[in-house]
Structure formats: structure tokens, C-alpha cells
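Residue numbers (this note's numbering): 3 to 207.
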């Protein structure tokens with residue numbers, strides 16, 4: 003179990019994508035590329051989403067990882083959530099993947115089945131950098147999120163704090179990204195896909 007702290011920035015100018023990858027202050031042409039295919043699960047009544055819990059199975063360059071996110075919040079693009087990640091062997095979402103939260107999940111779900119509600123397809127450019135007193139992970143994501151046969155395009159940069167102070171996330175943006183057209187994004191990829199369900203209460207977002 004860990005705490006995820008990240009500053010999410012949506013890119014306004016698609017023409018800046020390659021420029022960002024070559025920028026010596028940012029990716030500098032050196033990064034790892036990952037293909038991320040994910041499925042999010044919930045009940046027909048959105049028992050988990052109502053309580054701001056998400057369950058995800060994601061294939062990361064062929065490796066399956068089950069993830070549970072919960073708690074926390076977001077302010078000015080800074081997302082804070084609790085996160086549990088486990089490598090798994092088969093493409094079946096089961097709450098037993100998260101033994102420390104299994105009883106709690108069972109109470110939320112009750113007798114309902116878990117079904118796919120959202121899918122995502124992302125190409126991620128990833129790099130770690132030391133900045134100030136912190137270790138940051140830069141993730142440049144391009145792709146889409148899908149639900150109900152519709153999709154929302156994704157082009158965003160996530161600055162995740164691995165070690166150090168959240169202040170360095172903002173300092174990195176100010177010092178290294180000032181020449182780019184970004185805006186802070188308070189919605190996760192999952193929330194953007196959930197918005198395609200239209201009739202869901204605003205508290206789901």
C-alpha cells in the first residue's frame with residue numbers, strides 16, 4: 003500500500019508532444035515506452051465508484067497488474083490517493099488480489115458481480131528525474147479512454163512524486179515547462195471515461 007502524489011497536466015497543443023520528448027530539461031530523448039491497456043471494474047449500480055474506489059486490471063507491456071485506488075482527493079491538479087498494486091497471472095478481477103482490503107470490498111459489493119465499465123489504451127513515455135530535493139517520475143500519456151462505445155482522447159503529462167516534497171512538482175512545472183501550453187487537470191483518466199455515462203451524479207467525478 004502506498005500514497006500516490008501526482009500533478010496532472012493536460013496538453014493543449016498536440017504539436018508540442020515531440021518537442022517535449024526532445025527537450026533537454028524534460029525527457030531529453032531518453033525515456034522508456036510502455037503500452038498500457040486497462041479495464042476498470044464496478045457493479046451495475048456503481049457501488050465502488052459511488053465511494054470513490056476504483057479497481058483496475060492493466061497490461062503493462064505484457065505484464066498484468068491489479069490496482070486498487072481509494073481515498074485522498076484533488077486540488078489544483080494535485081492528485082493524492084492510496085494505491086495498492088499487485089502482479090497477477092490471469093485476466094480476471096477478483097477482490098482477493100487485495101487481501102488487506104478484501105473484507106471492505108466485499109461489504110461494498112455485496113452480492114453484485116464485478117463487470118468491466120471503462121477501458122483505456124495509452125502509450126506512455128516514462129522517465130525518472132532528480133529535481134531539487136526530490137525524485138520525480140514523468141509520464142507523458144497519449145491515447146484514449148472508452149465507455150459505452152464512446153471515447154475521450156488523452157494527451158497529458160503526469161508528474162509523480164516518488165521521494166521528496168510536493169513543492170518540487172510545482173517548481174518543476176514553473177522552471178521546466180513554462181514554455182508549454184498545459185493546464186492543471188482535476189480529472190483522472192477513469193473519471194473522464196465515467197463522464198461518458200452522463201447521468202451519473204456529480205459526486206462520482
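Virtual Cβ for every residue (Gly too), placed ideally from N, Cα, C.
Nearest-angstrom Cβ-Cβ length linking residue i and residue j, presumed shorter than 8 Å
i	j	result
residue 154	residue 120	Their Cβ separation, rounded to whole angstroms, is 10 Å, which puts residue 154 and residue 120 out of contact at 8 Å.
residue 93	residue 66	6 Å
residue 57	residue 70	6 Å
Euclidean distance between Cα positions of residue i and residue j
i	j	result
residue 168	residue 7	8 Å
residue 27	residue 151	39 Å
residue 61	residue 143	15 Å
residue 190	residue 161	13 Å
residue 15	residue 158	10 Å
residue 18	residue 104	43 Å
residue 30	residue 23	6 Å
residue 82	residue 72	9 Å
residue 79	residue 186	5 Å
residue 64	residue 21	29 Å
residue 25	residue 181	11 Å
residue 89	residue 95	12 Å
residue 177	residue 188	22 Å
residue 53	residue 74	11 Å
residue 166	residue 13	25 Å
Proximity of residue i and residue j at Cβ, strictly below 8 Å
i	j	result
residue 33	residue 163	no
residue 11	residue 192	no
residue 46	residue 114	yes
residue 199	residue 118	no
residue 124	residue 38	yes
residue 122	residue 68	no
residue 9	residue 175	yes
Residue i classed as buried or exposed, judged by whether at least 16 other C-beta atoms fall within 10 angstroms
i	result
residue 111	buried
residue 205	Bear in mind that a pLDDT of 44 at residue 205, under 50, signals an unreliable position, so the model cannot answer this.
residue 51	buried
residue 231	Residue 231 lies beyond the range of the chain shown here (3 to 207); nothing can be said about it.
residue 130	exposed
residue 77	exposed
residue 145	buried
residue 109	exposed
Cut-off 6 Å between Cβ atoms - residues of its own chain near residue i, not counting five sequence neighbours on either side
i	result
residue 4	85
residue 195	120, 147 and 149
residue 141	126, 128 and 160
Cut-off 7 Å between Cβ atoms - residues of its own chain near residue i, not counting five sequence neighbours on either side
i	result
residue 107	97 and 100
residue 36	62, 63, 126 and 128
Residues near residue i by beta carbon distance below 8 Å, same chain, minus five either side
i	result
residue 170	133, 134, 135, 136, 138 and 163
Closer than 8 Å to chain D by CB, residue i
i	result
residue 62	The structure shown contains no chain D; it holds only a single protein chain.
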